[in-house]
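Down below is the structure, laid out as structure tokens.
Numbering (the working numbering), first residue to last: 149 to 221.
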């Protein structure tokens, strides 16, 4: 067990918490379904929908970069 811990320390020296890939997919699916539901079933102006979509996509991209360790907070 200590050998595994030593390997993890070498691979992940900053102790960045990782998220299993299946959890990433589940979160992406949930966010996508919620965004689809909002776009289809909540009546709002097209400009507001566009802004909402852009904001959600930017947030998801930043979150993905952080999850994969490419964007430190």
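All residues carry an ideal CB built from backbone N, CA and C; glycine is no exception.
Since the model is a prediction, treat every value here as computed from it, not as a measurement.
Where the alpha helix (DSSP H) containing residue i begins and where it ends
i: residue 194; result: 194–215
i: residue 219; result: Segment: none, residue 219 is in no alpha helix (DSSP H) and carries neither H nor E.
i: residue 182; result: 169–189
Length of the line joining the Cα atoms of residue i and residue j
i: residue 185; j: residue 218; result: 30 Å
i: residue 211; j: residue 173; result: 12 Å
i: residue 220; j: residue 191; result: 37 Å
i: residue 216; j: residue 208; result: 12 Å
i: residue 213; j: residue 187; result: 25 Å
i: residue 177; j: residue 171; result: 10 Å
Residue of the options minimising C-alpha distance to residue i
i: residue 179; options: 213, 204, 214; result: 204
i: residue 197; options: 183, 208, 207, 215; result: 183
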